[in-house]
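K.L.:
Have a look at this one before I ask anything.
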Amino acid sequence: MIIVAYFAVLILNFIEVFRNKRNKYLLLLSVLILGLIFAGGTENTDMVYYKATYFDDARIKYKATEFGFYYFAQFCRQLNLGLFGMRGLVFLFATLLIGATVKKYCVNTHLFIIIYTLFLFFIDAIQLRNLVAISLVIYSFPYLVENKK
147 MIIVAYFAVL
157 ILNFIEVFRN
167 KRNKYLLLLS
177 VLILGLIFAG
187 GTENTDMVYY
197 KATYFDDARI
207 KYKATEFGFY
217 YFAQFCRQLN
227 LGLFGMRGLV
237 FLFATLLIGA
247 TVKKYCVNTH
257 LFIIIYTLFL
267 FFIDAIQLRN
277 LVAISLVIYS
287 FPYLVENKK
């Protein structure tokens, strides 16, 4: 079922690329389906680390690296979100940041969805920390490019 939903996102957005119209409902549906796939992913190589960090199995008092991600995981624990809720919140945060930049600079958003889904989606689903960092960099890019005083 997940594979069908994944390919449905690809095919429907591919059709919209050639129609040259922006279908907001399809974009919302695509983000929703990708978010469910993202948040519900259980079998990946970094899941052991995320479980140890989230459930505090590591019992490390001082986090020398990636302290922002560690405190974000602890914040989600305080909200009783669960591990997959935390993953969903990371996806929502990253989607809002990347979406603001895409909306500003991308002419064909459906083409961006296709490229992101084909090349970056599963890397981002595995490496949550990198997704947060990349989304912050992409969001800050317009402020670096624009020459406003």
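According to my numbering, the sequence shown is numbered sequentially starting from 147.
We put the beta carbon where it would ideally sit given N, CA and C, even for glycine.
Because the structure is a prediction, the values reported are computed rather than measured.
#1: Is the region 223 to 233 in contact with the region 176 to 187, if contact means three or more CB pairs nearer than 8 Å?
#2: Does DSSP classify Met232 as helix, strand or coil?
#3: Leaving out five residues before and five after Phe213 in sequence, what residues of the same chain have Cβ atoms less than 8 Å from its Cβ?
#4: Short of 7 Å in beta carbon distance, which residues of its chain neighbour Asn254, apart from the five on each side in sequence? Order them along the chain.
#5: Count the C-beta pairs between the region 174 to 182 and the region 234 to 247 that are closer than 8 Å, then say yes if the count reaches three, no if not.
#6: Give me the Cβ distance between Ile272 and Leu243, rounded to the nearest whole Å; I'm assuming they're in contact under 8 Å.
#7: Determine, using beta-carbon pairs with one atom in the region 263 to 270 and one in the region 165 to 174, whether at least three such pairs fall under 8 Å.
#8: Where Leu289 and Asn276 are concerned, what is the direct C-alpha to C-alpha distance, given to the nearest angstrom?
#9: Looking only at its own chain, which residues have a Cβ that is under 8 Å from the Cβ of Asp260, when we skip the five neighbours before and after it?
#10: Compute the beta-carbon to beta-carbon distance between Val248 and Phe258, rounded to the nearest angstrom, for a pair I have assumed lies under 8 Å.
#11: Would you say Thr199 and Ala219 are within 7 Å of each other, going by their C-beta atoms?
#12: Might you give, ordered along the chain, the residues of its own chain that have their beta carbon closer than 6 Å to the beta carbon of Cys252, omitting 5 neighbours on each side?
P.N.:
On the basis of the supplied data:
#1: yes
#2: For this step, residue 232 is matched to residue 86 along the sequence shown. Residue state, collapsed to three classes: helix.
#3: As a first step, residue 213 must be located in the sequence shown, where it is residue number 67. Contacts found: none.
#4: The residue labelled residue 254 in the question sits at position 108 within the sequence shown. Same-chain partners within the cutoff: Val163.
#5: With a cut-off of 8 Å, the region 234 to 247 and the region 174 to 182 count as touching, because enough Cβ pairs lie within range.
#6: Taking the first residue of the sequence shown as 1, we reach residue 272 at position 126. Taking the first residue of the sequence shown as 1, we reach residue 243 at position 97. In fact, because the Cβ distance is near 19 Å, the residues do not count as touching under 8 Å.
#7: no
#8: For the purposes of this step, residue 289 is identified with residue 143 of the sequence shown, where counting begins at 1. For the purposes of this step, residue 276 is identified with residue 130 of the sequence shown, where counting begins at 1. Here residue 289 turns out to be Tyr, not Leu, going by the sequence shown. Note on geometry: alpha-carbon atoms of Tyr289 and Asn276 lie some 21 Å from one another.
#9: Numbered from 1 along the sequence shown, position 114 holds the residue referred to as residue 260. Contrary to the premise, residue 260 reads as Ile rather than Asp in this sequence. Once the five neighbours on either side are set aside, the close Cβ partners of Ile260 are Leu156, Asn159, Phe160 and Val163.
#10: Locating residue 248 in the sequence shown gives position 102, counting from the first residue. Locating residue 258 in the sequence shown gives position 112, counting from the first residue. That belief holds up - the Cβ atoms of Val248 and Phe258 are roughly 5 Å apart, short of 8 Å.
#11: Taking the sequence shown and counting its residues from 1, the one referred to as residue 199 is at position 53. Taking the sequence shown and counting its residues from 1, the one referred to as residue 219 is at position 73. The answer is yes: Cβ separation under 7 Å.
#12: Walking along the sequence shown from the start, residue 252 turns up at place 106. So the qualifying residues of the chain are Phe258.
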